[in-house]
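Q: Provided herewith is a single structure, encoded as structure tokens, for subsequent inquiry.
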Amino acid sequence: MKNIPVVMIIFGGSGDLAHRKLYPALFNLYEQGLIHDNFAVIGTARRPWSHEYLRGQVSDAIHETHTEVDENDVKDFTSHFYYQSHDVTNVEHYVTLKELAQELDDRYSAQGNRLFYMAMAPRFFGTIATHIDDQHLTGSGFNRIVVEKPFGRDLKSAEELNKQITASFSENEIFRIDHYLGKEMIQNILPMRFTNPLIKNIWNKGNLKNIQVTFAERLGVEARGEYYETSGALRDMVQNHIFQIITLLAMPEPENISSEAIHKAKQELLESLIIPNAEQVKKDFVRGQYAGSDTTFAYKKEPKVNPNSLTETYVAGKVKFERGPIADVPIYFRTGKKFKEKKNRIDIVLKHINTPYGQAYSNNITIEIDPKSRIFITINGKKISEEGIRRENLDYTFSKSELAEVPDGYECLLHDVFVNDSTNFTHWSELKRYWMFIDAIEDAWQKENEAGNPDIVQYAPYRMGPTESNHIFESPTEHWIYE
Ligand code: NAD
1316 MKNIPVVMII
1326 FGGSGDLAHR
1336 KLYPALFNLY
1346 EQGLIHDNFA
1356 VIGTARRPWS
1366 HEYLRGQVSD
1376 AIHETHTEVD
1386 ENDVKDFTSH
1396 FYYQSHDVTN
1406 VEHYVTLKEL
1416 AQELDDRYSA
1426 QGNRLFYMAM
1436 APRFFGTIAT
1446 HIDDQHLTGS
1456 GFNRIVVEKP
1466 FGRDLKSAEE
1476 LNKQITASFS
1486 ENEIFRIDHY
1496 LGKEMIQNIL
1506 PMRFTNPLIK
1516 NIWNKGNLKN
1526 IQVTFAERLG
1536 VEARGEYYET
1546 SGALRDMVQN
1556 HIFQIITLLA
1566 MPEPENISSE
1576 AIHKAKQELL
1586 ESLIIPNAEQ
1596 VKKDFVRGQY
1606 AGSDTTFAYK
1616 KEPKVNPNSL
1626 TETYVAGKVK
1636 FERGPIADVP
1646 IYFRTGKKFK
1656 EKKNRIDIVL
1666 KHINTPYGQA
1676 YSNNITIEID
1686 PKSRIFITIN
1696 GKKISEEGIR
1706 RENLDYTFSK
1716 SELAEVPDGY
1726 ECLLHDVFVN
1736 DSTNFTHWSE
1746 LKRYWMFIDA
1756 IEDAWQKENE
1766 AGNPDIVQYA
1776 PYRMGPTESN
1786 HIFESPTEHW
1796 IYE
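So the number in my numbering is just where the residue sits in the sequence shown, counting from 1, plus 1315.
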């Protein structure tokens, strides 16, 4: 499909996300011809910018991310951008916005199609959705809305937000974006699982000992202390990225690869997600905060962080499903700040077997998402010229030229929004289950805090998080593969 007619409205057009991700991604889609002659983009934000100023900003964003560009293309592309100074809480501004959208629709023959993108602080999402509805901003063609994360801060607020958005948009018009789902290695999980008998046939309780998902960051909270205090690692990373990945790892095979079939398979799985009770939370989850050192601040000493904060910068835990191909297989996850290095990876650990050669190493399949994109399988073989078993890695990597072809997650997902493919977006039914799980843990922690007995550990910075996370395994033969 080429040259999709549309007027796109970006709420938060002067923000970091728009500048670093959305404008370069839109330019690439323009270069591919997906949007071309019949599109206009309205950037809205509080600042009193002009159309020309926004165009300059968009041009800067393109030059910052591209080494070679055709300046005529940049000029033509940016000429489709318009700026409207807008306070999200001011109803009159929506009337002006509607008029501008209609004017641009006529000028560019956009056929009444509207794409709304919420690229602002999440506290504004509900207000924007309400005014899109009460000021009738939707067009006469297709209407779609992209909502950034986080979608709510618990089930109740997510339900409230969903209600506000569904006043104007039906479920299949809502694209809840999680840019992790646009990443090449994440999109590779289902093809890898379902095209290789070698992998598909061992994907069950009989063969898998456990699965481990690690999302490690080297950075601390930096300047985001104020936001982080309202979130914590569980809400910031587990509710979205980690749960999406776990779902892809544990879901049954879809009937086909349509968006509907994939979401159906996900939903089937998530209905059997085991929600932990307070006792299980205590046993199976660890929360921590990074301590300080001679060279680095403790979390509690970071700017805009409460010195008595109980917000976790680390969480490890266990997820299990009652149904699906790996029902009852423990899926362990951990995520945190100030690890020894940045690393996002999945380790699929196979059970040991008895061998006539005595002890062998465990077979693991590792999917590395960041900083490298690769899959490797650890495999046993014979030692050369001596007795015993050695361990080797079978590597699946991308060449430099292939890597250069991999689109950024935002480009990939924006493409999907334009062509109306919601495969890699979160459905409400999925999100709801994620929040039920997160709420159960948050509630248990809240009760501990209120009882004056918070079980939150301090951990040394730039290592592997708290050693207490070694205690969440179901059996003494299990341990973290990535150490
Ligand atoms: P930002 O603070 O850089 O930008 C916020 C935008 O909102 C600005 O354009 C600002 O002018 C506008 N704004 C603020 N208050 C307003 C008001 N009252 N009326 C009108 N406009 C107002 O934020 P960001 O980093 O661009 O993040 C936006 C969203 O994207 C958030 O939901 C965030 O979680 C999500 N996100 C961002 C990134 C990223 O790389 N920046 C990555 C993933 C998700």
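Backbone N, C-alpha and C define an ideal beta-carbon position, used for all residues, glycine too. Everything numeric in this text was worked out from a predicted model, so none of it was measured.
#1: Does the region 1434 to 1446 come within contact of the region 1388 to 1402, defined as at least 3 CB pairs closer than 8 Å?
#2: Sort out for me which residues DSSP pairs F1326 with in a bridge.
#3: Relative to the C-alpha of E1386, which residue among E1346, I1668, N1405, G1724 is closest?
#4: At which residues does the alpha helix (DSSP H) containing N1343 begin and terminate?
#5: Whole angstroms is fine: what's the gap from E1383's alpha carbon to S1365's?
#6: By DSSP, does D1391 sit in helix, in strand, or in coil?
#7: Apart from the five residues on each side of it in sequence, which residues of its chain come closer than 7 Å, Cβ to Cβ, to H1408?
#8: What does the alpha-carbon distance come out to for the pair N1764 and I1771?
#9: I want to check one thing, is the minimum distance from the CB of P1791 to the heavy atoms of the ligand GTP below 8 Å?
#10: Name the residue from F1713, P1640, A1719, K1597 whose alpha carbon lies nearest to the alpha carbon of A1759.
#11: Along the chain, which unbroken stretches of the beta strand (DSSP E) at least 3 residues long are found entirely within the region 1694 to 1768?
#12: So which of F1740, P1791, E1701, I1680 has the shortest CA-CA distance to Y1797?
#13: At which residue ranges does the region 1523 to 1547 contain complete alpha helix (DSSP H) runs of 4 or more residues, listed in the order of the chain?
#14: Would F1326 pass as a contact of T1359 if the rule is Cβ separation under 9 Å?
#15: With DSSP run on the structure shown, which of helix, strand or coil describes Q1773?
#16: List the endpoints of the continuous alpha helix (DSSP H) containing E1474.
#17: Tell whether a beta-carbon distance below 9 Å holds between Y1423 and V1322.
#18: I'd like the ranges of any alpha helix (DSSP H) spanning at least 4 consecutive residues and lying wholly in the region 1535 to 1609.
#19: Looking at the unbroken alpha helix (DSSP H) that takes in D1448, where does it start and where does it end?
#20: Reducing DSSP to helix, strand and coil, say where D1662 ends up.
#21: Would Y1495 be called buried (16 or more neighbouring beta carbons within 10 Å of its own) or exposed?
#22: Could you tell me how far apart the beta carbons of I1492 and A1444 are, in whole angstroms, since I believe they sit closer than 8 Å?
#23: Would you kindly work out how many angstroms separate the C-alpha atoms of K1515 and F1509, rounded to a whole number?
#24: The ligand NAD and L1476: does the residue's C-beta get closer than 8 Å to at least one heavy atom of that ligand?
#25: If Y1543 sits next to P1776, beta carbons under 8 Å apart, how far is it from one beta carbon to the other, in whole angstroms?
#26: Output the distance between the C-alpha atoms of L1564 and W1743, rounded to the nearest integer angstrom.
#27: Which of the three DSSP states, helix, strand or coil, is assigned to V1644?
#28: Kindly identify the DSSP beta-bridge partner or partners of Q1372.
#29: Can you tell me whether I1504 is helix, strand or coil according to DSSP?
#30: Less than 9 Å between the C-beta atoms of I1756 and P1591, yes or no?
#31: Below 8 Å, is the gap between the Cβ of H1556 and the nearest heavy atom of the ligand NAD?
#32: Between the alpha carbons of F1740 and V1406, how many angstroms are there, rounded?
#33: For S1455, I'd like the list of residues in its chain whose CB is within less than 7 Å of its CB, leaving aside the five on either flank, ordered along the chain.
#34: Give me the residue from D1449, L1470, D1551, N1571 with the minimum Cα distance to L1505.
#35: Is S1365 near the ligand NAD - that is, is its Cβ less than 8 Å away from at least one heavy atom of it?
#36: For the beta strand (DSSP E) that A1675 lies in, which residues bound it at each end?
A: According to the data block:
#1: Two segments are said to touch when three or more pairs of C-beta atoms, one from each, lie closer than 8 Å; by this definition the region 1434 to 1446 does not touch the region 1388 to 1402.
#2: Looking at the DSSP assignment, F1326 forms a beta bridge with T1359, M1433.
#3: Of the candidates E1346, I1668, N1405, G1724, the one whose C-alpha sits nearest the C-alpha of E1386 is E1346.
#4: Counting along the chain, the unbroken alpha helix (DSSP H) around N1343 starts and ends at 1338 to 1346.
#5: Separation of E1383 and S1365 (C-alpha to C-alpha, rounded to the nearest whole angstrom) is 27 Å.
#6: Of the three classes helix, strand and coil, the one that applies to D1391 here is helix, per DSSP.
#7: Here the set comprises H1401, D1402.
#8: Using only the alpha carbons, I get a separation of about 9 Å.
#9: Among the ligands in the structure shown, the ligand GTP does not appear; only the ligand NAD can be found there.
#10: Ranking the options by Cα distance to A1759, first place goes to K1597.
#11: You should have 1704 to 1712.
#12: If we check each option's Cα against that of Y1797, I1680 comes out closest.
#13: Within the region 1523 to 1547, the complete alpha helix (DSSP H) runs of at least 4 residues are 1540 to 1544.
#14: Yes, the Cβ-Cβ distance between F1326 and T1359 is below 9 Å.
#15: Strand at Q1773.
#16: For E1474, the uninterrupted alpha helix (DSSP H) segment begins and ends at 1470 to 1481.
#17: Their beta carbons are under 9 Å apart, which means Y1423 touches V1322 by this criterion.
#18: Complete alpha helix (DSSP H) runs here, min 4: 1540 to 1544, 1558 to 1565, 1574 to 1585, 1593 to 1599.
#19: Its alpha helix (DSSP H) spans residues 1440 to 1449.
#20: Reduced to three states, the DSSP call for D1662 is strand.
#21: Classification for Y1495: buried.
#22: Their Cβ separation, rounded to whole angstroms, is 15 Å, which puts I1492 and A1444 out of contact at 8 Å.
#23: K1515 and F1509 have their alpha carbons spaced roughly 6 Å apart.
#24: No, since every heavy atom of the ligand NAD falls outside the 8 Å radius drawn around the Cβ of L1476.
#25: Actually they do not touch by this definition, with Cβ atoms about 16 Å apart.
#26: The C-alpha of L1564 lies about 19 Å from the C-alpha of W1743.
#27: In the three-state reduction of the DSSP assignment, V1644 falls in the coil class, being assigned neither a helical nor a strand state.
#28: Among the bridge pairs identified by DSSP, Q1372 is matched with none.
#29: When secondary structure is reduced to three states using DSSP, I1504 falls in the helix class.
#30: Result yes, Cβ atoms of I1756 and P1591 sit closer than 9 Å.
#31: No, since every heavy atom of the ligand NAD falls outside the 8 Å radius drawn around the Cβ of H1556.
#32: Approximately 30 Å, taken between the alpha carbons.
#33: Sequence-distant partners of S1455 (beyond 5 residues in either direction) whose C-beta falls short of 7 Å from its own C-beta, in its chain, are G1427.
#34: Among D1449, L1470, D1551, N1571, the Cα nearest to that of L1505 is on N1571.
#35: No; taking the cut-off as 8 Å, the Cβ of S1365 has no heavy atom of the ligand NAD nearer than that.
#36: No beta strand (DSSP E) contains A1675, which DSSP labels as neither H nor E.
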